[in-house]
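Contents: one structure, followed by commentary.
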Amino acid sequence: MIICFSGTGNSRRIADILQDMLGDEVMRFAPGQMSEPERVRIDVTDGRVIWVFPIHAWGLPKQMVKVMRRIKIESRKPVSHFMVATCGDDIGYADRQWRRLVRQRGFHDAGAFSVQMPNTYTMMKGFDVDPEELAQHKLEAAEARAEDISVAIDHDKEVTDVVRGSWPWVKTSILYPLFQRFMCNPRRFHATEACVGCGKCSRNCPLANISMEDKQPKWGDNCTMCTRCYQCCPNHAVAYGKATEGKGQYLCPGYTLKN
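Numbering (my numbering), first residue to last: 1242 to 1500.
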């Protein structure tokens, strides 16, 4: 079983490759389903769970933490858990955070892997999507990387094969909590004058956190900062304060959303 959360399609792309190589079923969260993970029940029949998700500020997306703590996982035999995390560059000690969450549930943590994918974060000064050439290079390299990971998982390798980057403890232990506390405020989202009220951002929010009022999107408080609303807007009309002014958009090629 592959449990996949993807904001802009990068993690979904990797989950699809793993599915093709391993034959495992992909469980994709429907809009709003992540908000109440305690209602989600998964029956694992193949003896493994592969968690596929993006890295947010060198840690797990805050809603993914909630999912891992509350989702109901049942099996008739022992289950090995694997992590495959997508990142723009590195993950710090996010794998250790994931292992703690798995062990807190009494589960067995096996292999942990990371895959570099195109950068998507634009919500702070100095951060933008990758240039097209670099993004394409990462996507091509990620195909082979995901195939290698699938072989390791299929052989039940209990390894840690991740790119930590420099100062991993500082990134995950200090910057990640600061990011979660101060940089995950959905109230900074707003629609610009370019908004035509199409509602695509609302229909595709994974937490069903965006409502349409008078043909304008309104953000609630339940946001995991996946940036899907910003990236999928056909008129580039979703903004995050002034941080997104002049920046690009990115959705993984082939990633389908509701129109």
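We treat Cβ as the ideally placed atom computed from N, Cα and C, and that holds for glycine.
Quick check: the Cα distance between residue i and residue j, rounded to an integer number of angstroms?
{"i": "D1462", "j": "P1447", "result": "13 angstroms"}
{"i": "P1409", "j": "D1330", "result": "12 angstroms"}
{"i": "F1348", "j": "A1435", "result": "48 angstroms"}
{"i": "R1311", "j": "H1322", "result": "16 angstroms"}
{"i": "V1281", "j": "V1290", "result": "15 angstroms"}
{"i": "D1465", "j": "C1328", "result": "First, the amino acid is wrong: residue 1465 is Thr here, not Asp. Those two C-alpha atoms are separated by around 16 angstroms."}
{"i": "V1404", "j": "F1270", "result": "27 angstroms"}
{"i": "Y1491", "j": "T1361", "result": "6 angstroms"}
{"i": "Q1345", "j": "R1428", "result": "32 angstroms"}
{"i": "G1208", "j": "H1477", "result": "There is no way to answer for residue 1208, as the model of the chain reaches only from 1242 to 1500."}
{"i": "D1402", "j": "C1245", "result": "19 angstroms"}
{"i": "P1319", "j": "A1353", "result": "18 angstroms"}
{"i": "M1364", "j": "G1489", "result": "11 angstroms"}
{"i": "E1279", "j": "I1314", "result": "10 angstroms"}
{"i": "S1252", "j": "L1259", "result": "11 angstroms"}
{"i": "R1317", "j": "T1286", "result": "7 angstroms"}
{"i": "I1390", "j": "V1306", "result": "23 angstroms"}
{"i": "L1584", "j": "A1298", "result": "Residue 1584 is absent from the model: the chain starts at 1242 and stops at 1500."}
Closest to residue i by CA distance: which of the options is it?
{"i": "S1414", "options": "W1460, R1429, E1454 and D1336", "result": "D1336"}
{"i": "I1325", "options": "A1385, N1360, I1255 and V1437", "result": "Contrary to the premise, residue 1325 reads as Val rather than Ile in this sequence. Checking every option, the nearest Cα to that of V1325 belongs to I1255."}
{"i": "T1485", "options": "C1493, P1494 and Q1472", "result": "Q1472"}
{"i": "E1399", "options": "Q1377, P1458 and A1351", "result": "A1351"}
{"i": "G1482", "options": "P1475, K1499, R1444 and C1425", "result": "C1425"}
{"i": "Q1457", "options": "P1475, T1468, T1433 and M1305", "result": "T1433"}
{"i": "R1444", "options": "L1498, E1454 and G1406", "result": "L1498"}
{"i": "M1358", "options": "A1387, K1366 and Y1334", "result": "A1387"}
Opposite residue i in the DSSP bridges: which residues?
{"i": "A1326", "result": "F1294 and S1355"}
{"i": "A1432", "result": "V1479"}
{"i": "W1460", "result": "I1451"}
{"i": "V1285", "result": "S1316"}
{"i": "S1321", "result": "R1289 and H1349"}
{"i": "V1267", "result": "I1243"}
{"i": "T1401", "result": "A1353"}
{"i": "G1300", "result": "H1297"}
Throw me the rounded Cβ distance for the residue i and residue j pair, which I believe falls under 8 angstroms.
{"i": "G1300", "j": "Y1496", "result": "Between Y1496 and G1300 the Cβ distance is about 23 angstroms, and since that is not below 8 angstroms, they are no contact."}
{"i": "V1520", "j": "I1243", "result": "In the structure displayed, the chain extends from 1242 to 1500; residue 1520 sits before or after that span and is not available."}
{"i": "C1442", "j": "I1451", "result": "5 angstroms"}
{"i": "F1430", "j": "C1470", "result": "7 angstroms"}
{"i": "A1195", "j": "V1356", "result": "Outside the displayed range of the chain (1242 to 1500) lies residue 1195, so it cannot be described from this structure."}
The region 1255 to 1269 touching the region 1387 to 1406, judged by at least three CB pairs closer than 8 angstroms | yes
For the 8 angstroms Cβ check, are there 3 or more pairs between the region 1338 to 1348 and the region 1366 to 1386?
-> No contact exists between the region 1338 to 1348 and the region 1366 to 1386.
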